[in-house]
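As structure tokens, the structure follows; a few thoughts come after it.
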Ligand code: DAS
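In the numbering used here, the protein residues as written are 5 to 359.
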């Protein structure tokens with residue numbers, strides 16, 4: 005069969021292009037996106053609906069298909085683990101997600117993992133994974149403040165950043181990370197500080213770095229124990245104990261604590277200022293402690309409580325624990341994970357200093 009020189013040149017060029025695309029795909033890192041719902045998978049009635057919309061509507065394959073830029077960064081696969089708004093996350097959901105992250109992290113053909121998540125409890129899930137998944141591979145939790153249907157939606161860039169970080173060698177060993185609004189935060193510290201701005205997430209000691217146009221710029225690294233150095237292992241955890249949170253406020257009655265302590269292994273008291281506890285509430289907490297419930301003093305101060313032992317309350321005398329700089333919801337996560345083992349208050353306090 006006669007083939008013109010022009011056709012042969014064209015065919016050779018096409019073959020070269022196909023080979024280079026294939027070679028690029030083979031050398032790109034493999035990143036799995038585990039989707040759980042939230043606003044990043046949300047949809048509103050119109051582009052003007054940036055704050056009123058339904059969360060957890062768009063499936064992960066559609067999220068990936070809507071972001072073709074990802075294919076230049078990594079070979080990306082999606083898995084729909086859950087499709088919920090994150091305020092409805094349960095302990096069972098945490099275990100399901102954590103075990104899947106751990107299984108993927110053990111696979112030789114997975115280089116990094118991204119978890120898409122609602123922003124309301126994102127900080128809790130990120131810290132849970134940070135404490136329990138034994139891997140040095142990057143795990144990045146990401147959400148968005150506006151649904152993809154809204155004007156100036158932030159989810160696409162946040163997800164692009166998350167995949168970039170998950171695909172990066174220099175993100176290894178830093179524990180679980182969170183990419184929001186161009187910043188890279190540690191899952192230990194990051195918390196939702198405001199619910200209407202795209203700059204919603206803050207860390208009390210600042211972000212670890214920035215990501216700009218797919219490049220990471222690091223400024224610090226976490227020093228507390230996490231992932232590879234953690235004594236807790238998601239593969240060994242089959243259930244999480246009940247830990248509840250009591251809130252401190254003016255005129256708070258003792259019944260606010262009495263009502264919620266039942267059946268709990270620990271109670272986190274979200275106190276005012278330096279984790280202070282109203283005089284009416286102290287006896288109720290002491291009673292719980294006498295009944296074997298651990299009492300953990302934390303602070304309700306937004307993005308920056310700092311609770312010191314024996315300041316405000318005699319923790320040594322009462323056999324209480326302080327959460328130090330962990331906010332109440334993160335203190336609850338650490339207490340649940342720690343109390344999967346029987347611990348004295350002193351041992352639990354050691355965990356709170358180390359993690
Ligand atoms: N309700 C929120 C959630 O799913 C929406 C969000 O993702 O910001 O957490």
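Each residue gets a CB set at the ideal place from its N, CA and C atoms; glycine is no exception.
Item: Quick check on residue 148: buried or exposed, where buried means 16 or more other Cβ atoms within 10 Å of its Cβ?; Value: buried
Item: In its own chain, which residues sit with a C-beta less than 6 Å from the C-beta of residue 348, not counting the 5 before and 5 after it?; Value: none
Item: Terminal residues of the continuous alpha helix (DSSP H) containing residue 248?; Value: Taken as a continuous stretch (DSSP letters only), residue 248 belongs to no alpha helix (DSSP H), being part of the beta strand (DSSP E) at 247-251.
Item: Considering only heavy atoms of the ligand DAS, does any lie closer than 6 Å to the CB of residue 124?; Value: yes
Item: If you measure from the CB of residue 89, is any heavy atom of the ligand DAS nearer than 6 Å?; Value: yes
Item: Where DSSP assigns a beta bridge to residue 206, which residues make up the other side?; Value: 195
Item: Given residue 211, which residues of its chain have a CB within under 7 Å of its CB, disregarding the five upstream and five downstream residues?; Value: 187, 188, 189
Item: Tell me whether residue 127 is buried or exposed, calling it buried when 16 or more other Cβ atoms sit within 10 Å of its Cβ.; Value: buried
Item: With a threshold of 6 Å, establish whether the CB of residue 170 neighbours any heavy atom of the ligand DAS.; Value: no
Item: So residue 160 packs on residue 71, CB below 8 Å; how close in whole Å?; Value: 6 Å
Item: Is it right to say residue 317 is buried, meaning 16 or more other beta carbons lie within 10 angstroms of its own, or is it exposed?; Value: buried
Item: Can we count residue 109 as close to the ligand DAS, meaning its CB is less than 6 Å from some heavy atom?; Value: no
Item: Suppose you measure from the CA of residue 114 to the CA of residue 34; what does that come to, to the nearest Å?; Value: 5 Å
Item: For residue 271, which residues in the same chain have their Cβ closer than 8 Å to its Cβ, ignoring the five residues on either side in sequence?; Value: 247, 248, 249, 250, 261, 264, 265, 289, 292, 297, 298, 299, 300
Item: Hey, how far is the Cα of residue 40 from the Cα of residue 86?; Value: 4 Å
Item: Between which two residues does the beta strand (DSSP E) containing residue 271 stretch?; Value: 270-275
Item: Rounded to whole angstroms, what is the Cα-Cα separation between residue 59 and residue 319?; Value: 42 Å
Item: Does any heavy atom of the ligand DAS sit closer than 6 Å to the C-beta of residue 183?; Value: no
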